[in-house]
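Asker:
Protein chains in written order, with my numbering: chain S, 718 to 951; chain W, 19 to 257.
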């Protein structure tokens with residue numbers, strides 16, 4: 718471990734200093750890869766989706782057309798409707814493949830226990846909300862993810878699934894007519910698809926705020942998997 | 019937490035763990051302009067391929083009650099050039115060519131002599147709006163039989179009075195709801211909706227529903243795919 722270009726530190730001192738450091742391998746390789754792949758594809762899907770929405774920014778009739786909102790060009794990706802469709806239809810597969818691989822990995826590795834919310838987590842959700850939003854005392858962290866986090870991550874997976882199902886109906890409302898009718902038909906599937914996007918963006922916003930609040934050590938754990946001195950370790 | 023090893027982290031692991039994320043560079047290819055276009059084209063083709071796989075020739079598009087119809091005046095007129103290409107309706111014929119036993123000029127009366135199907139189906143524009151309309155016409159499959167089309171030809175290629183053009187894969191063209199449409203809302207097609215003849219294929223996206231048809235070709239090779247498709251929109255786009 719000798720480094721050539723800095724002041725040598727006695728090995729014993731290094732070991733002594735490092736013996737205080739406890740590290741945990743929080744995120745397996747597959748989870749980290751899926752996380753960043755999904756970050757890219759979700760960004761592309763949202764951007765190109767907004768460009769597609771710009772072609773008809775309404776959920777009503779074509780005649781008369783009442784625009785719901787104006788999506789600025791700067792938030793849209795793809796340049797024009799045809800270009801956005803190309804991005805959307807290409808990254809949809811990366812998005813689906815990433816999600817499918819992630820869910821399969823979580824199930825077969827058992828890693829889902831870390832992030833899936835289960836009934837016994839219920840009691841812990843409200844204290845976390847109180848801590849984050851109403852200055853409540855911070856509950857002791859006993860696991861990698863607290864109950865509120867588990868709830869957020871679990872709902873993100875559900876939202877991901879809903880985004881795919883509503884998207885399939887928008888693309889193929891005739892072949893998937895049964896699924897379409899469950900959503901109230903093509904017209905309503907478009908509304909749900911947009912609602913799912915809003916919910917996902919809300920999740921991403923909250924997620925980014927939390928990442929900033931929890932600092933570098935927490936952030937790098939999603940790159941390397943390792944977290945130094947996590948709260949739940951003595 | 020049995021999964022979490024409470025052990026020391028060797029320093030070299032950081033780099034090794036980061037390297038494990040290198041598959042991410044694959045999506046970075048989309049940032050390279052030269053590679054981007056072919057990648058996106060491949061993505062669209064793959065999506066089209068999936069859509070063609072999902073297509074079932076006996077699965078019908080949903081039909082709707084008269085009460086669910088949008089009124090005729092709320093059926094948006096979408097044209098790429100002019101609403102009325104000034105077709106001479108009296109002299110109009112459909113030029114049929116390609117892999118057919120009886121090529122030539124076909125009159126509207128001949129097309130109307132085939133059994134008529136009238137249905138309320140949903141028209142969906144690639145822009146995202148949709149409208150339920152009432153369409154009447156002859157089944158494309160009946161007409162193809164009428165002109166003696168080669169049964170295993172791959173495509174139907176149509177040209178329009180406004181220089182629009184389109185192609186349909188044969189499976190979609192032969193779908194029992196695919197029409198050579200000459201009526202909307204039980205009235206002869208108005209000029210802006212494609213008089214005297216248009217395509218009405220409820221298993222396809224809006225831009226496939228070509229209006230003001232002038233010619234129809236049965237072929238294995240299409241010279242071009244379609245007006246919008248050739249500018250980058252999906253070629254198959256089944257619904």
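The C-beta atom is built at its ideal place from N, Cα and C for all residues, glycine as well.
In this text, all values refer to a predicted model and were calculated from it rather than measured experimentally.
(1) By the criterion of Cβ-Cβ separation under 7 Å, what are the contact partners of residue 841 of chain S in chain W?
(2) Starting from residue 217 of chain W, follow its DSSP beta bridges and name the residues at the other end.
(3) Using DSSP bridges, identify the partner residues of residue 231 of chain W.
(4) So which residues of chain W does residue 789 of chain S contact, with C-beta pairs closer than 8 Å?
(5) Using only CA atoms, which one of W:46, W:231, W:121 lies nearest to residue 217 of chain W?
(6) Could you tell me which chain W residues have their CB closer than 8 Å to the CB of residue 884 of chain S, listed as they occur along the chain?
(7) Using DSSP's beta-bridge definition, name the partner residues of residue 187 of chain W.
(8) In whole angstroms, what is the alpha-carbon distance linking residue 24 of chain W and residue 774 of chain S?
(9) If residue 793 of chain S sits next to residue 768 of chain S, beta carbons under 8 Å apart, how far is it from one beta carbon to the other, in whole angstroms?
(10) Give the single residue among W:97, W:166, W:111 whose Cα lies nearest to the Cα of residue 245 of chain W.
(11) If the cut is a Cβ gap below 8 Å, which residues of chain S does residue 229 of chain W touch?
(12) Determine, using beta carbons only, whether residue 224 of chain W comes closer than 7 Å to chain S.
(13) Per DSSP, which residues does residue 902 of chain S bridge with? Please list them.
(14) Just how far apart, CA to CA, sit residue 931 of chain S and residue 947 of chain S?
(15) With 8 Å as the C-beta to C-beta threshold (strictly closer), list the residues of the region 162–188 of chain W near chain S in chain order.
(16) For residue 946 of chain S, decide whether its Cβ has a neighbour in chain W, counting only Cβ atoms nearer than 7 Å.
(17) Cβ of residue 242 of chain W less than 7 Å from any chain S Cβ?
(18) Residues of the region 904–920 of chain S with a CB closer than 7 Å to any CB of chain W: list them in chain order, please.
(19) Against chain W, which members of the region 760–774 of chain S pass a CB distance test of less than 9 Å?
(20) Whose Cβ in chain W lies nearer than 9 Å to the Cβ of residue 889 of chain S?
(21) Using a Cβ-Cβ distance cut-off of 7 Å, determine whether residue 750 of chain S contacts chain W.
(22) Less than 6 Å between C-beta atoms, sequence neighbours within five positions excluded: which residues of the same chain meet that for residue 213 of chain W?
(23) Can you tell me whether residue 731 of chain S is buried or exposed? The criterion is at least 16 other CB atoms within 10 Å of its CB, across all chains shown.
(24) Please work out which residues of its chain come closer than 8 Å, Cβ to Cβ, to residue 722 of chain S, disregarding the five sequence neighbours upstream and downstream, and give them in chain order.
(25) Buried or exposed for residue 257 of chain W, please, with buried defined as at least 16 other CB atoms from any protein chain shown within 10 angstroms of its CB.
(26) Of the residues S:941, S:759, S:910, S:801, which one's Cα is nearest the Cα of residue 36 of chain W?
(27) Less than 8 Å between the CB atoms is what I'm expecting for residue 884 of chain S and residue 910 of chain S, so what's the real figure, rounded?
(28) Is the Cβ-Cβ distance between residue 211 of chain W and residue 202 of chain W less than 7 Å?
(29) Measuring straight from C-alpha to C-alpha, what distance separates residue 763 of chain S and residue 851 of chain S?
(30) Taking 7 Å as the threshold (beta carbon to beta carbon), is residue 95 of chain W in contact with chain S?
(31) Between the Cα of residue 57 of chain W and the Cα atoms of S:825, S:810, S:786, which residue gives the shortest distance?
(32) Under 7 Å, Cβ to Cβ, is there at least one residue of chain B near residue 147 of chain W?
(33) Exposed or buried, which one is residue 889 of chain S when buried takes at least 16 other CB atoms within 10 Å?
(34) Assuming residue 151 of chain W and residue 803 of chain S form a contact by the criterion Cβ under 8 Å, report the distance between their Cβ atoms to the nearest whole angstrom.
(35) Are the beta-carbon atoms belonging to residue 228 of chain W and residue 178 of chain W less than 7 Å from one another?
(36) When you compare only the Cα positions, how much space is there between residue 771 of chain S and residue 147 of chain W?
Answerer: Reading off the structure:
(1) Correct list: empty, because the minimum Cβ distance to chain W is about 16 Å.
(2) W:198
(3) W:178
(4) In chain order: nothing, as chain W lies at least about 18 Å away.
(5) W:231
(6) Within 8 Å Cβ-Cβ: nothing; residue 884 of chain S doesn't reach chain W, min ~11 Å.
(7) W:173
(8) Low confidence applies to residue 24 of chain W: its pLDDT is 47, below 50, so where it sits in the model is not reliable, and the reading given next is rough at best. Cα to Cα, residue 24 of chain W sits roughly 53 Å from residue 774 of chain S.
(9) 4 Å
(10) W:97
(11) Per Cβ cutoff of 8 Å: no residues; residue 229 of chain W is ~17 Å from chain S at best.
(12) no
(13) DSSP, once it has assigned bridges, lists no residue as partnering residue 902 of chain S.
(14) 11 Å
(15) none
(16) no
(17) no
(18) 904, 907
(19) 761, 769, 770, 772, 773, 774
(20) 68, 69, 72, 73, 256, 257
(21) yes
(22) 207
(23) Reliability fails at residue 731 of chain S, whose pLDDT of 45 lies under 50, so the model's placement of it is uncertain and the value that follows must be treated cautiously. The residue in question, residue 731 of chain S, is exposed, as its Cβ has fewer than 16 Cβ neighbours within 10 Å.
(24) Because residue 722 of chain S sits at a pLDDT of 46, beneath the cut-off of 50, its placement in the model cannot be relied upon, and the following sentence gives the value as read from the coordinates. There are no such residues.
(25) buried
(26) S:941
(27) 6 Å
(28) yes
(29) 31 Å
(30) no
(31) S:810
(32) Looking at the structure shown, chain B is missing, and the protein chains on hand are S and W.
(33) buried
(34) Actually they are not in contact, since the Cβ atoms of residue 151 of chain W and residue 803 of chain S sit about 29 Å apart, beyond 8 Å.
(35) yes
(36) 12 Å
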